[in-house]
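For the sequence shown, the numbering used here assigns the number 135 to the initial residue and increments by one for each residue that follows. First comes the structure, then the notes that go with it.
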Amino acid sequence: MELNESFESQINRSDYKILIVDDVVSNVLLLKILLSNEKFQVCTANCGNMCIEQAKKEKPDLILLDVMMPDINGFDTAVILKKDPETQDIPIIFLTALNNPSDLVHGFQVGANDFLTKPFNKEELVMRVMHQIQLVAAKRIIVRQNEELRRTISNRDKMYSVIAHDLRSPMASIRMVLNLAVNVVSPETVGEEIFGLLDKANRESEETHDLLDNLLKWTKSQTGRLNVVYQDIDLDDIIPGAVDIFMMIAEMKKIDLKYIPADEKLTVHGDNDMIKTIIRNFLSNAIKFTPEGKGIEVFYKREGDFARISVRDHGVGIAADRVESIFHKGETTYGTGGEEGSGLGLQLCQDFARKNGGDAYVESVEGEGSTFSFTIPLKKEA
């Protein structure tokens, strides 16, 4: 009650308009005087048809609607109002002398928010009106806050996109130089300490470039600027290439990375770039969490009308209480080499898989390893 009274005190009644509908002039005048004295804006109508016209013209916040009227009764008027997108959200309080339970049930079925039984007193009238106005005011606040939140998120995503776009190109150059340096020098020529620093810088540049790439794709996806370009894709045409990209990184960490071709060749129907992005993120994640000397396998199989592509590692695994939230943004993780993950890559994988009509999954046993997989619809046979 204290909350309602506190909220009610914040409502400026003059901001709210009430439409009174009754064919009896004395009833209209009485309601108009009572509600005007309560500082509400008031407009009136004397029949169902006029109510419909006034509702569209005046756009009231609440309608007090008499049930028994000569042209269209209140119930039928409410049905018309609730079918029209312009008026369907306006709350309705029925004014009625009817007290049969079946009439009340019918009234709620056609869209009543409340009933006010004739004859009514001022206190009850104001209480029931204020209850509906409070709901309208609360809805306005929610709509306004949602719009503010939408703008905030949109501006944030635009900022992320600009940052990722502007930094990705110079980071690609840095990564290329560091990658070249690590491959042309050796600990013998520059010393163990310098080579270790180069190797660390190289790995961190790879992580940063991947993060910027994921961030750019994620913001495009969130803002609706990334469309799914469907095409028929032979999985044997794209998976080996994605694996080859990570072969050198895996070898540097002494990880046995291999692609296991399927017995049954499968063609999927999806977005080529999105599928490659998912595979690359799963592989990057697997290498982070696989210790030296262990292995990673990439494979696929038919699963109903879908192909299921999997990346299985024999690394540290995931704690049971974290498996459910692993695809959620903000899940920070650390690899076996201290690599920090943002959690954005896995969320992007799930988002891309769902945009293509599939989904992303994880199976894991802590201390034994994880299998990340996703499904993509198979090409439909003609």
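Backbone N, C-alpha and C define an ideal beta-carbon position, used for all residues, glycine too.
So, using beta-carbon positions, are residue i and residue j closer together than 8 Å?
| i | j | result |
| --- | --- | --- |
| residue 120 | residue 340 | Residue coverage of the chain in this structure runs from 135 to 516, which leaves residue 120 outside it and unanswerable. |
| residue 198 | residue 229 | yes |
| residue 181 | residue 157 | yes |
| residue 219 | residue 269 | no |
| residue 512 | residue 440 | yes |
| residue 250 | residue 351 | no |
| residue 377 | residue 432 | yes |
| residue 427 | residue 500 | no |
| residue 381 | residue 342 | no |
Is it buried or exposed, residue i, if we count other Cβ atoms within 10 angstroms and call 16 or more buried?
| i | result |
| --- | --- |
| residue 515 | exposed |
| residue 173 | exposed |
| residue 241 | buried |
| residue 188 | buried |
| residue 474 | Note that residue 474 scores 48 on pLDDT, short of 50, meaning its location in the model is unreliable and no value can be drawn from it. |
| residue 239 | exposed |
| residue 310 | exposed |
| residue 286 | exposed |
| residue 283 | exposed |
| residue 402 | buried |
| residue 453 | exposed |
| residue 161 | buried |
| residue 462 | exposed |
| residue 236 | exposed |
| residue 263 | buried |
| residue 280 | exposed |
| residue 430 | buried |
| residue 469 | With a pLDDT of 47 at residue 469, under the threshold of 50, the predicted position of this residue should be treated as unreliable, and no value is reported. |
| residue 106 | Since the first residue of the chain shown is 135 and the last is 516, residue 106 is not available in this structure. |
| residue 135 | Here residue 135 scores only 41 on pLDDT, less than 50, and its place in the model is too uncertain to base an answer on. |
| residue 504 | buried |
| residue 186 | buried |
| residue 276 | exposed |
| residue 231 | exposed |
| residue 445 | buried |
| residue 255 | exposed |
To the nearest angstrom, how far is the alpha carbon of residue i from that of residue j?
| i | j | result |
| --- | --- | --- |
| residue 260 | residue 244 | 23 Å |
| residue 252 | residue 267 | 21 Å |
| residue 458 | residue 145 | 43 Å |
| residue 416 | residue 480 | 8 Å |
| residue 507 | residue 496 | 6 Å |
| residue 324 | residue 333 | 12 Å |
| residue 176 | residue 272 | 21 Å |
| residue 435 | residue 443 | 7 Å |
| residue 438 | residue 493 | 14 Å |
| residue 206 | residue 214 | 10 Å |
| residue 395 | residue 217 | 58 Å |
| residue 387 | residue 368 | 30 Å |
| residue 201 | residue 258 | 18 Å |
| residue 137 | residue 227 | With a pLDDT of only 45 at residue 137, under the threshold of 50, the placement of this residue in the model should not be trusted, and no figure is reported. |
| residue 331 | residue 397 | 44 Å |
| residue 418 | residue 274 | 46 Å |
| residue 89 | residue 319 | Since the first and last residues shown for the chain are 135 and 516, residue 89 lies out of range. |
| residue 404 | residue 328 | 45 Å |
| residue 414 | residue 372 | 11 Å |
| residue 379 | residue 385 | 11 Å |
| residue 303 | residue 221 | 52 Å |
| residue 234 | residue 509 | 57 Å |
| residue 478 | residue 349 | 7 Å |
| residue 246 | residue 183 | 18 Å |
Starting from residue i and walking both ways along the alpha helix (DSSP H), at which residues does that stretch end?
| i | result |
| --- | --- |
| residue 482 | 478-489 |
| residue 236 | 235-243 |
| residue 152 | Where residue 152 is concerned, there is no enclosing alpha helix (DSSP H), although the beta strand (DSSP E) it sits in stretches over 151-155. |
| residue 321 | 321-324 |
| residue 454 | 454-457 |
| residue 360 | Counting along the chain, residue 360 falls outside any alpha helix (DSSP H), and DSSP gives it neither H nor E. |
| residue 211 | 208-217 |
| residue 169 | 159-171 |
Along the chain, where does the beta strand (DSSP E) that runs through residue i open and close?
| i | result |
| --- | --- |
| residue 414 | Per DSSP, residue 414 belongs to no beta strand (DSSP E); it is in the alpha helix (DSSP H), 406-422. |
| residue 187 | Segment 182-192 is the alpha helix (DSSP H) holding residue 187; no beta strand (DSSP E) there. |
| residue 198 | 196-200 |
| residue 229 | 226-230 |
| residue 385 | Careful: residue 385 lies outside any beta strand (DSSP E), inside the alpha helix (DSSP H) at 369-386. |
| residue 441 | 440-447 |
| residue 429 | 429-437 |
| residue 507 | 503-511 |
| residue 392 | 390-393 |
| residue 148 | Residue 148 -> no beta strand (DSSP E), and no H or E assigned at all. |
| residue 178 | 175-179 |
| residue 251 | 248-251 |
Compute the minimum distance between the beta carbon of residue i and the heavy atoms of the ligand NAD, and state whether it is under 7 Å.
| i | result |
| --- | --- |
| residue 323 | Although the ligand NAD was asked about, the structure shown includes no ligands whatsoever. |
Quiz item: Is the stretch 327-339 close to the stretch 362-373, with three or more CB pairs under 8 Å?
Solution: Between the stretch 327-339 and the stretch 362-373 there are fewer than three inter-stretch CB-CB distances shorter than 8 Å, so the stretches are not counted as touching.
Exercise. Decide yes or no for the touch test of the stretch 151-158 against the stretch 189-202: beta carbon pairs closer than 8 Å, at least 3 of them.
Key: Yes, the stretch 151-158 touches the stretch 189-202.
Quiz item: Does the stretch 422-437 touch the stretch 486-500, meaning 3 or more C-beta pairs lie closer than 8 Å?
Solution: With fewer than three CB-CB distances shorter than 8 Å, the stretch 486-500 does not count as touching the stretch 422-437.
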